[in-house]
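Student: Just passing along the structure, written as structure tokens.
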Amino acid sequence: MADEFDVIVIGAGPAGENAADRAVRGGLSAAVVEAELAGGECSYWACVPSKALLRPVELAAEVRRAPGLTAGPVDAAAVLARRDEAVSHFDDSGQVEWIGSVPAEFVRGRGRLDGPKRVLVDLPGGGTRTLTARHAVVLATGSRAVLPPVPGLAEAVPWTSREVTAAKSVPGRLAVLGGGVVACEMAQAMHGLGARETTVLVRGDRLLGRMEPFASALVAESFAAAGIEVRTGVEAVRVERPEPGGPVTVHLSSGPPVEADELLVATGRRAATDGLGLETVGLPGDRPVAVDDSMRATGVGGGWLYAVGDVNGRDLLTHMGKYQARVCGDVIAARAGGGPDDLPALRATAGGYGAPQVVFTDPQVCSVGRTEERARAEGFPVRAVEYDLGSVTGAYLLGDGYRGRAKAVVDDERRVLLGVTFAGPGAAELLHAATIAVTAEVPLERLWHAVPSFPTVSEVWLRLLEAYGL
Ligand SMILES: Cc1cc2nc3c(=O)[nH]c(=O)nc-3n(C[C@H](O)[C@H](O)[C@H](O)COP(=O)(O)OP(=O)(O)OC[C@H]3O[C@@H](n4cnc5c(N)ncnc54)[C@H](O)[C@@H]3O)c2cc1C
Ligand SMILES: NC(=O)c1ccc[n+]([C@@H]2O[C@H](COP(=O)([O-])OP(=O)(O)OC[C@H]3O[C@@H](n4cnc5c(N)ncnc54)[C@H](O)[C@@H]3O)[C@@H](O)[C@H]2O)c1
48 MADEFDVIVI GAGPAGENAA DRAVRGGLSA AVVEAELAGG ECSYWACVPS KALLRPVELA
108 AEVRRAPGLT AGPVDAAAVL ARRDEAVSHF DDSGQVEWIG SVPAEFVRGR GRLDGPKRVL
168 VDLPGGGTRT LTARHAVVLA TGSRAVLPPV PGLAEAVPWT SREVTAAKSV PGRLAVLGGG
228 VVACEMAQAM HGLGARETTV LVRGDRLLGR MEPFASALVA ESFAAAGIEV RTGVEAVRVE
288 RPEPGGPVTV HLSSGPPVEA DELLVATGRR AATDGLGLET VGLPGDRPVA VDDSMRATGV
348 GGGWLYAVGD VNGRDLLTHM GKYQARVCGD VIAARAGGGP DDLPALRATA GGYGAPQVVF
408 TDPQVCSVGR TEERARAEGF PVRAVEYDLG SVTGAYLLGD GYRGRAKAVV DDERRVLLGV
468 TFAGPGAAEL LHAATIAVTA EVPLERLWHA VPSFPTVSEV WLRLLEAYGL
């Protein structure tokens with residue numbers, strides 16, 4: 048059977064769904080092809096379950112900081128049950144229905160390119176369906192966890208982000224390889240749910256290596272206080288697991304080996320391009336699909352191929368993938384209709400200076416724009432100011448021993464913000480104000496008139512501006 052649509056989207060994660068939605072809003076027809084579950088990694092094995100696991104752990108920490116309240120042990124079984132609800136028990140019928148309501152045609156199966164504007168879908172029951180696109184094909188296939196080539200690691204069948212977010216029980220002893228976002232969030236969630244011996248094995252010299260160093264230090268301090276062991280400067284050199292599912296031993300470049308009941312590997316992700324047929328359109332199949340700011344794949348004749356979300360390797364974050372997808376769907380509709388395709392709203396430029404991101408640890412770490420190190424490396428005339436969040440009355444009132452810090456990186460000539468980082472319990476909701484200030488390049492002299500309410504944590508904005516000299 049051959050079918051023709053204006054736009055064919057491969058991958059129904061948050062990015063693919065949004066690309067289809069915007070293209071249809073622009074007057075085009077669309078088909079969305081999905082090999083596993085509509086909603087993608089984010090809904091079932093990433094953002095949603097990880098935050099469902101973290102929230103009670105975070106709340107217990109909040110309660111412990113509040114005088115007069117007592118936090119009992121977290122009921123792991125209840126938290127896992129709530130997580131199951133949050134992932135709809137791996138039933139994607141709600142998402143499939145939503146795609147139908149766009150309206151777009153949902154096609155279940157594994158899609159692959161077969162030359163320009165042609166997509167072959169391997170159907171779950173066998174057989175292949177051929178789809179052709181009148182205007183565009185959008186790749187939105189996401190990313191997959193990487194297993195580094197450590198001897199014995201693959202044979203040990205460790206957990207990746209998929210298994211830890213879908214865990215049916217909590218191991219007593221957990222070793223975590225990696226020091227990035229997945230490692231930190233999941234170490235904290237599992238430890239809070241009962242993994243009494245949790246050991247994080249970090250190759251570099253600190254956790255969250257892409258964040259401001261003070262944020263890494265605050266998370267490390269919190270982990271130490273909670274009893275999560277962090278070993279920095281260590282490489283896994285060999286992994287042993289004599290019995291499938293039994294204890295696992297990680298041998299390290301220095302120091303004693305770590306024995307655990309489960310090993311989580313959280314050492315980054317790679318674009319999901321396997322078997323996607325990129326070679327049939329002249330693209331390499333072993334790397335993210337490079338795109339321009341309209342999300343059009345570079346190096347493909349005719350300009351009909353686009354890539355949004357994790358698969359283009361730009362910013363591996365759901366909100367950034369969805370943002371790219373809105374631009375992509377709109378720009379495809381504009382180009383199909385012969386309208387102007389170069390309006391500012393038709394270019395995804397937000398990632399270029401540093402995407403907003405929240406790490407949902409306790410303390411939360413959130414940042415937007417450039418770190419001081421990056422701003423200096425890019426040659427900006429930088430002046431950075433910091434302030435102790437715990438000294439802000441609104442933060443002090445949140446609980447005993449509130450620990451946090453904020454930093455603003457300022458372009459000292461233009462007197463606009465290049466980046467902002469907050470680390471502290473409940474800091475996540477501070478981030479969007481920073482995102483607006485950084486994105487809109489609000490001059491500090493204007494920001495001075497944005498008066499934060501008393502007593503809120505946002506008063507740190509005033510303190511940062513005072514520290515700068517206003
Ligand atoms: C543990 C964890 C926690 C995270 N937490 C957050 C968070 O809190 N906030 C945040 O912003 N980001 C978070 N992320 C990142 C976020 O999950 C990704 O950035 C996001 O899912 C990317 O969306 P996407 O649509 O590009 O890809 P995905 O969500 O990966 O969706 C891609 C879809 O394409 C399908 N697919 C792949 N190949 C084919 C094919 N050939 N044919 C048909 N279908 C195909 C897949 O089955 C999948 O459904 C987290 C990631 C992890 C691992
Ligand atoms: N809250 C959120 O926004 C959130 C949560 C989870 C994941 N994510 C996104 O998902 C993506 C993937 O997360 P991640 O934590 O897997 O990747 P990451 O890139 O954040 O961290 C990977 C870590 O593994 C280390 N590493 C790499 N190779 C290694 C090796 N061979 N041995 C030991 N350590 C090694 C790196 O130094 C780094 O510390 C990130 O880009 C992140 O933005 C976002």
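Take 48 as the starting number for the sequence shown in my numbering and just add one per residue. Backbone N, C-alpha and C fix where the C-beta goes; we use that ideal spot for every residue, glycine too. Everything numeric in this text was worked out from a predicted model, so none of it was measured.
To the nearest angstrom, report how far apart Tyr515 and Val485 are at their CA atoms.
Tutor: Here residue 515 is taken as the residue at index 468 of the sequence shown, counted from 1. Here residue 485 is taken as the residue at index 438 of the sequence shown, counted from 1. Straight-line Cα distance between these residues: approximately 16 Å.
Student: Quick test of the definition: if touching needs 3 or more C-beta pairs under 8 Å, does the region 132-148 touch the region 61-73?
Tutor: At 8 Å Cβ cutoff, the stretches touch.
Student: Glu513: buried (16+ other C-beta within 10 angstroms of its C-beta) or exposed?
Tutor: Looking up residue 513 in the sequence shown gives position 466. With fewer than 16 other Cβ atoms within 10 Å, it is exposed.
Student: Could you compute how far the alpha carbon of Pro499 sits from the alpha carbon of Val415?
Tutor: Taking the sequence shown and counting its residues from 1, one reaches residue 499 at position 452. Taking the sequence shown and counting its residues from 1, one reaches residue 415 at position 368. For Pro499 and Val415, the gap between their C-alpha atoms comes out near 19 Å.
Student: DSSP puts Glu81 in a beta bridge; with which residues?
Tutor: Taking the first residue of the sequence shown as 1, we reach residue 81 at position 34. BP columns for Glu81 point to Arg155.
Student: When DSSP builds the beta bridges, which residues end up paired with Ile275?
Tutor: As a first step, residue 275 must be located in the sequence shown, where it is residue number 228. In the DSSP output, where bridge partners are listed per residue, Ile275 has none listed.
Student: Give a single yes or no on whether Gly225 has its beta carbon closer than 7 Å to a heavy atom of ligand 2.
Tutor: Counting from 1 along the sequence shown, the entry for residue 225 is found at position 178. With a threshold of 7 Å, the Cβ atom of Gly225 counts as near ligand 2, since some heavy atom of the ligand is closer than that.
Student: Please find out if some non-hydrogen atom of ligand 1 comes closer than 7 Å to the beta-carbon of Glu460.
Tutor: The residue given as residue 460 occupies position 413 in the sequence shown. No; taking the cut-off as 7 Å, the Cβ of Glu460 has no heavy atom of ligand 1 nearer than that.
Student: Comparing alpha-carbon positions, which option in Pro428, Asp377, Ser438 and Gly292 lies nearest Arg72?
Tutor: The residue labelled residue 72 in the question sits at position 25 within the sequence shown. When only C-alpha atoms are compared, the closest one is Asp377.
Student: Over the uninterrupted alpha helix (DSSP H) stretch that includes Ser97, give me the two end residues.
Tutor: In the sequence shown, counting from the first residue as 1, residue 97 sits at position 50. Looking at the DSSP string, the run of the alpha helix (DSSP H) that includes Ser97 is Cys94 to Arg112.
Student: Output needed for Gly86: all residues of its chain with C-beta closer than 6 Å, excluding positions within five of it in sequence on either side, in chain order.
Tutor: Translated into the one-based positions of the sequence shown, residue 86 becomes position 39. Counting only Cβ-Cβ distances below 6 Å, and skipping sequence neighbours, we find Asp139 and Gln142.
Student: Between His238 and the rest of its own chain, which residues show a CB-CB distance below 7 Å, the 5 nearest in sequence each way excluded?
Tutor: Position 191 of the sequence shown holds residue 238. Correct list, in chain order: Thr245, Ala273 and Ile275.
Student: At which residue ranges does the region 343-396 contain complete alpha helix (DSSP H) runs of 4 or more residues, listed in the order of the chain?
Tutor: Within the region 343-396, the complete alpha helix (DSSP H) runs of at least 4 residues are 365-383.
Student: Mind checking whether the beta-carbon of Gly251 lies closer than 7 Å to any heavy atom of ligand 1?
Tutor: Within the sequence shown, residue 251 is the residue found at index 204, counting from 1. No, the Cβ of Gly251 stays beyond 7 Å of every heavy atom of ligand 1.
Student: Let me check one thing: in DSSP terms, what residues is Ser263 bridge-paired to?
Tutor: For the purposes of this step, residue 263 is taken as residue 216 along the sequence shown, with counting starting at 1. Per DSSP, none; premise fails for Ser263.
Student: Just verifying my parser: in three-state terms, what is the DSSP assignment at Ser190?
Tutor: The residue you call residue 190 lines up with position 143 of the sequence shown. Looking at Ser190 - three-state DSSP - the assignment turns out to be strand.
Student: Along the chain, where does the beta strand (DSSP E) that runs through His238 open and close?
Tutor: Taking the first residue of the sequence shown as 1, we reach residue 238 at position 191. That residue, His238, is in no beta strand (DSSP E); its alpha helix (DSSP H) goes Val228 to Gly239.
Student: Could you give the first and the last residue of the continuous alpha helix (DSSP H) run that contains Arg202?
Tutor: Within the sequence shown, residue 202 is the residue found at index 155, counting from 1. Note that residue 202 is Glu in the sequence shown here, rather than Arg. Here Glu202 belongs to no alpha helix (DSSP H), and DSSP marks it neither H nor E.
Student: Please report the residue range of the beta strand (DSSP E) in which His298 lies.
Tutor: Along the sequence shown, read from residue 1 onward, the residue named residue 298 stands at position 251. Per DSSP, His298 belongs to the beta strand (DSSP E) from Val295 to Leu299.
Student: When the distance is taken between beta carbons, is Ala78 closer than 8 Å to Glu152?
Tutor: Start at 1 with the first residue of the sequence shown, and residue 152 comes out as number 105. Start at 1 with the first residue of the sequence shown, and residue 78 comes out as number 31. In this structure, the beta-carbon distance from Glu152 to Ala78 falls below 8 Å.
Student: Cβ atoms of Val412 and Leu255: under 8 Å apart, would you say?
Tutor: Counted from its first residue, the sequence shown places residue 255 at position 208. Counted from its first residue, the sequence shown places residue 412 at position 365. Yes, they are a contact pair.
Student: On a Cα-Cα basis, can you pick out the residue from Ala187, Pro289 and Gly451 that is closest to Gly199?
Tutor: Start at 1 with the first residue of the sequence shown, and residue 199 comes out as number 152. For Gly199, the nearest C-alpha among the options comes from Pro289.
Student: Taking Thr440 as the reference, which of Phe501, Asp53 and Ala381 has the closest Cα?
Tutor: Mapped onto the sequence shown, residue 440 falls at position 393. Out of Phe501, Asp53 and Ala381, Phe501 has the C-alpha closest to the C-alpha of Thr440.
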